[in-house]
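See structure below.
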Amino acid sequence: MGISQYILLAETGLHPEDRFETGSAIMLGALALVKSTEPAMITSISALGDTGVADSPITVIDTIFEDGPRLVEMDDTTAAALTTGPAPVRAVKVVEYPLPERHAGPSLAAQPVAAPLGSGGHGFTVLCRDAVTGDPLPDCRVVAYSNFASKIGGEGVTDMTGHALIYLNTTIVERLYVVSQPSHWGAYRANVHVTPIMTVDIQPVDRTQPDAVRHYYGASRFDPTTQVVVGVIDTGVGPHPDLNIVSMDNTVTGEARTAGNDWFGHGTHVAGLAGARGGLRGLAPGVAIRSYRVFGFNASSATNYAIMKAMIHAAADRCDIINLSLGGGQADPIVEEAVRDACEQGMLVIVAAGNGGHQPVAYPAAYPGALAVSALGVRSGFPPGALPEGDIEPPVSATYADEFIAGFSNIGQQIALTAPGVGVLSTLPQGRYGPMSGTSMAAPVAAGAAACLLSRAPDIWNMPRDRARTDAIRALLLGAAGSRGFGRNYEGQGMPDPAMI
-7 MGISQYILLA ETGLHPEDRF ETGSAIMLGA LALVKSTEPA MITSISALGD TGVADSPITV
53 IDTIFEDGPR LVEMDDTTAA ALTTGPAPVR AVKVVEYPLP ERHAGPSLAA QPVAAPLGSG
113 GHGFTVLCRD AVTGDPLPDC RVVAYSNFAS KIGGEGVTDM TGHALIYLNT TIVERLYVVS
173 QPSHWGAYRA NVHVTPIMTV DIQPVDRTQP DAVRHYYGAS RFDPTTQVVV GVIDTGVGPH
233 PDLNIVSMDN TVTGEARTAG NDWFGHGTHV AGLAGARGGL RGLAPGVAIR SYRVFGFNAS
293 SATNYAIMKA MIHAAADRCD IINLSLGGGQ ADPIVEEAVR DACEQGMLVI VAAGNGGHQP
353 VAYPAAYPGA LAVSALGVRS GFPPGALPEG DIEPPVSATY ADEFIAGFSN IGQQIALTAP
413 GVGVLSTLPQ GRYGPMSGTS MAAPVAAGAA ACLLSRAPDI WNMPRDRART DAIRALLLGA
473 AGSRGFGRNY EGQGMPDPAM I
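Read in this note's numbering, the sequence shown has 88 at position 96, and its numbers run on one by one without any break.
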């Protein structure tokens, strides 16, 4: 019989104080005494009664705290017996959340790219150049669709001379996306006639020109004396001199807890939108950032156990606001309970709605207690022909003609707020900057707005760390939102009002 990884929890709650000294709590306590990675035999805790699976091994891989959740390996029969025995525990299989797409702008995260058709198709070359200097741009990902709806297309990567060969049997490219390096905006073109060499001039990023975030929030007011703390649960954060990173934690099983640097770039971009100071101003400049890395080095996913562990650590570290720019997949009781528990610990949990392309709000944003954020764009926030232009889709605002809800953004009744998330500039590891798009970017804008508001509300910040405190922070943020004319399923209560932030 196959061995699987499970998370063991007591019948109720994540903490010992959440429950009486039940049999399930004693069961977890007994497992806690077992040395990590050494098999624990159910017979060693047989005083709890016959489970029906004597001598079935349970290997304890990780534990968060005494009498708390355990990450274990066991077979399915053992798991079933533990959940129905005289001292039942909850046994939930480990599931994984996908790595956020670094470049969500062309909706590539939500819409799979067709494989190249091969040498039998009609080949053409795309030349990518700097629009100012004319220099070739290497390492640009070029994606061409002849039929976007059916995902018929091809792709390539530019070489050192800026050329990418695309095999695609068509005379017209319906959509052409160029995902450039962070120094440039990338490009989007529609209904382009194919020529042997198609030249695409790409605008460099000019940080003196306001993007959507600075268009609205260039004068946000954050009071650092209140000592608000934002927890970023992501791919790690930094290094970057513009970020006030007060701690770095890693909850990935098998990695050092101190391995907190961002190997991917996503978490650093998220953190900068919430609180960068200096080169690019975040919503709450200089806010204390606690980073929790849940994606292992070069990993394609994060486990529900790592995410739950990060949220428990965030509560212990007295975070006020947690940002989760991740999600996808089926409902998962582990992260759902972690969200509930975080709310009970006085923390506001802000979550990206997902980049499914106007699909229902993804988990964990759809869980009760989570504050789901959709992504708004503004046409003046990026150069004409830039990559984010490909995300302009209906609806446009009934009130502000320059605004739109991103084509990649999920929508639905769980949406609480919208925030800028199309072509927004922020920090990247090693002191760099660059644009990204996604609800992953909109969520930390909302988190930064919440940090600003909370910093000026010390009466709420000083409340006991319980559900009432969470509800008060949530009400503070939602009360500062104003409709942008999209409707509730697209924007919830609206966008945080710049005049109030």
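Heads up, the beta-carbon is just placed ideally off N, CA and C, and yes, glycines get one too.
Tell me, please, which residues DSSP counts as bridged to residue i.
i      : result
His185 : Ile164
Lys85  : Tyr(-2)
Pro488 : Ala473
Pro504 : This structure does not reach residue 504, given that the chain is present from -7 up to 493, and the question cannot be answered.
Asp395 : According to the sequence provided, residue 395 is Glu. The question's Asp does not apply to it. In the DSSP output, where bridge partners are listed per residue, Glu395 has Val370.
Ser283 : Val224, Met240
Ala176 : Per the sequence shown, residue 176 should be read as His rather than Ala. According to DSSP, His176 bridges with Pro196.
Asn315 : Val224, Ile342
Ser293 : Pro90
Thr217 : Paired residues: none, contrary to the question.
Phe116 : Ile158
Ser418 : Gly426
Leu379 : Note: Leu379 sits in no beta bridge, so no partner.
Leu363 : Ile342
Pro352 : Ile403
Val171 : Arg133
Met190 : Val118
Val497 : With the chain running from -7 to 493 in the structure shown, residue 497 is simply not present.
Verify whether the separation of the beta carbon atoms of residue i and residue j is less than 8 Å.
i      : j      : result
Gly377 : Ala398 : no
Leu468 : Ile452 : yes
Asp333 : Leu63  : no
Thr267 : Leu275 : Strictly speaking, residue 267 in this sequence is Gly, with Thr absent from that position. In contact: Gly267 and Leu275 (Cβ atoms closer than 8 Å).
Phe214 : Ala438 : no
Ala294 : Leu318 : yes
His305 : Asp383 : no
Thr75  : Ile50  : no
Val197 : Gly423 : no
Gly346 : Asn290 : no
Val388 : Gly361 : no
Val370 : Asp394 : yes
Asp234 : Gly270 : yes
Ala307 : Met339 : yes
Arg199 : Leu417 : yes
Val327 : Gly404 : no
Val87  : Asn296 : yes
Val286 : Val222 : no
Val184 : Ile164 : yes
Glu381 : Tyr208 : no
Arg476 : Leu368 : yes
Using a Cβ-Cβ cutoff of less than 8 Å, which residues in the same chain neighbour residue i once the five nearest sequence positions on both sides are dropped?
i      : result
Ala473 : Leu409, Gly484, Gln485, Gly486, Met487, Pro488, Asp489
Glu336 : Asp458, Arg459, Thr462
Measure the alpha-carbon distance for residue i versus residue j and round it to whole angstroms.
i       : j      : result
Ile(-5) : Gly415 : 44 Å
Glu65   : Asp54  : 10 Å
Val224  : Leu316 : 7 Å
Ile37   : Ile313 : Annotation note: pLDDT 36 at Ile37 (below 50); position unreliable, no value reported.
Gly479  : Gly126 : 43 Å
Met433  : Thr117 : 33 Å
Asp303  : Val52  : Correcting the residue type first, residue 303 is Met in the shown sequence and not Asp. Roughly 21 Å separates the two Cα atoms.
Ser175  : Arg282 : 27 Å
Pro386  : Pro202 : 24 Å
Gly228  : Gly257 : 8 Å
Met455  : Asp309 : 16 Å
Ala449  : Gly246 : 40 Å
Arg11   : Ala83  : Because the pLDDT at Arg11 is just 49, under 50, the model does not fix this residue reliably, and the value given afterwards should be weighed accordingly. For Arg11 and Ala83, the distance between alpha carbons rounds to 17 Å.
Ala182  : Thr431 : 24 Å
Thr250  : Tyr359 : 30 Å
Arg133  : Gly471 : 42 Å
Gly60   : Asp463 : 26 Å
Ala263  : Leu91  : 16 Å
Met190  : His261 : 32 Å
Pro421  : Leu379 : 22 Å
Gly146  : Ser212 : 43 Å
Ala298  : Val186 : 47 Å
Glu329  : His232 : 33 Å
Val331  : Phe400 : 24 Å
Asn481  : His350 : 10 Å
Thr419  : Gly230 : 8 Å
Identify, in the order they occur along the chain, each residue of the same chain with its Cβ nearer than 7 Å to the Cβ of residue i, setting aside the five sequence neighbours on each side.
i      : result
Asp131 : Val149, Thr150, Gln173
Lys301 : Ile56, Thr243
Ala323 : Tyr355
Pro325 : Val84
Gln195 : Ala123, His176, Trp177, Pro375, Ala378
Within its chain, find whatever has a CB closer than 6 Å to the CB of residue i; leave out the 5 residues flanking it on each side and keep chain order.
i      : result
Thr218 : Ser447, Pro450, Trp453
Asp193 : Arg121, Ala123
Arg466 : Leu340
_Please give the ranges of any beta strand (DSSP E) in the stretch 123 to 168, keeping only runs that are unbroken, at least 3 residues long and fully inside the region._
DSSP runs (the beta strand (DSSP E)) wholly in the stretch 123 to 168: 133 to 139, 144 to 149, 155 to 159.
_4 or more residues per run - each alpha helix (DSSP H) lying fully within the stretch 424 to 471_ = Every alpha helix (DSSP H) stretch that sits fully inside the stretch 424 to 471 and reaches 4 residues is listed by chain position as 431 to 447, 450 to 453, 459 to 471.
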